[in-house]
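Trainee: The following block contains the structure, expressed as structure tokens.
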Amino acid sequence: LAKTTQPISMDSYEGQEVNITCSHNNIATNDYITWYQQFPSQGPRFIIQGYKTKVTNEVASLFIPADRKSSTLSLPRVSLSDTAVYYCLVGFAERGAGSYQLTFGKGTKLSVIP
Amino acid sequence: DVKVTQSSRYLVKRTGEKVFLECVQDMDHENMFWYRQDPGLGLRLIYFSYDVKMKEKGDIPEGYSVSREKKERFSLILESASTNQTSMYLCASSLPTPGLKSYEQYFGPGTRLTVT
Chain W
1 LAKTTQPISM
11 DSYEGQEVNI
21 TCSHNNIATN
31 DYITWYQQFP
41 SQGPRFIIQG
51 YKTKVTNEVA
61 SLFIPADRKS
71 STLSLPRVSL
81 SDTAVYYCLV
91 GFAERGAGSY
101 QLTFGKGTKL
111 SVIP
Chain A
115 DVKVTQSSRY
125 LVKRTGEKVF
135 LECVQDMDHE
145 NMFWYRQDPG
155 LGLRLIYFSY
165 DVKMKEKGDI
175 PEGYSVSREK
185 KERFSLILES
195 ASTNQTSMYL
205 CASSLPTPGL
215 KSYEQYFGPG
225 TRLTVT
């Protein structure tokens, strides 16, 4: 299984850019990298997904270096409502394979300070 | 919008009881998942199912079983609940990804189970 490592927590002031890095040293060739956001008492919510280089959507950017052993979620100009836990997910669950490769990181608790 | 619903938000059961947690999704997704979430441990996969009556074990299947008789419904069963199964249980669903290992899951709100 691709093991993932993230910082346990991060603090940031409102309006700043926040970068959260996830390490996944033994990522497999076909694995995608996906990031989720979770608020208290809710299930995780998809933010962004990528395979290599850079992906950007309306809420975040995802940077993946050429060796794909890490990925960085970038949140531009955070607000108080971005206070949440952020998880990276690497791998897949393949039907009929009798096995799976699906690992969530333990999450990074982001606290945005006014 | 994809909607994944779970039968209960909070549940209290006694040790030894048989517990059923139900999950329903309305997007015709082939894949469904059960996770448990504990402080400091993140999300850990218990079981997933890629089709009706099909299932695969995840990281921590011991003490759990699952049932998927209909495409939209995935049940998690605790055969004999124990205190160490006190946790938040999250259900998720996704489209299948044949040939591509990409992954976007839609999660339910979770069931907080307390076993006393």
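Chains as they are written, first to last, in our numbering: chain W, 1 to 114; chain A, 115 to 230.
All residues carry an ideal CB built from backbone N, CA and C; glycine is no exception.
Predicted, not measured: the structure shown is a model, and the values here were computed from it.
#1: Is DSSP giving GLN38/W helix, strand or coil here?
#2: Would the stretch 189-203 of chain A count as touching the stretch 130-144 of chain A if we require 3 or more Cβ pairs under 8 Å?
#3: Please state whether DSSP places THR197/A in a helix, a strand or coil.
#4: Buried or exposed: GLN306/A, going by 16 or more other Cβ atoms within 10 Å of its Cβ?
#5: Does the separation of the CB atoms of PRO175/A and TYR161/A fall below 8 Å?
#6: Is any beta-carbon of chain A found at less than 8 Å from that of TYR87/W?
#7: Let me check one thing: in DSSP terms, what residues is THR228/A bridge-paired to?
#8: Taking all protein chains shown into account, do 16 or more other C-beta atoms lie within 10 angstroms of the C-beta of MET146/A, making it buried, or fewer, making it exposed?
#9: Contact between the stretch 41-56 of chain W and the stretch 14-28 of chain W is defined here as three or more beta-carbon pairs at a separation below 8 Å; is this criterion met?
#10: For GLN16/W, is the classification buried or exposed, using 16 other Cβ atoms within 10 angstroms of its Cβ as the cut-off for buried?
#11: In the DSSP assignment, find the unbroken beta strand (DSSP E) run with LEU73/W in it and report its ends.
#12: For a test of the three-state rule: what should DSSP assign to ASP165/A, helix, strand or coil?
Mentor: Looking at the coordinates:
#1: strand
#2: yes
#3: helix
#4: The displayed coordinates of chain A run from 115 to 230. Any statement about residue 306/A would go beyond what the structure contains.
#5: The beta carbons of PRO175/A and TYR161/A sit closer together than 8 Å.
#6: Yes, TYR87/W lies at the interface with chain A (some Cβ there is under 8 Å from its Cβ).
#7: VAL126/A
#8: buried
#9: With the cut-off at 8 Å, the stretch 41-56 of chain W and the stretch 14-28 of chain W do not touch.
#10: exposed
#11: 70-75
#12: strand
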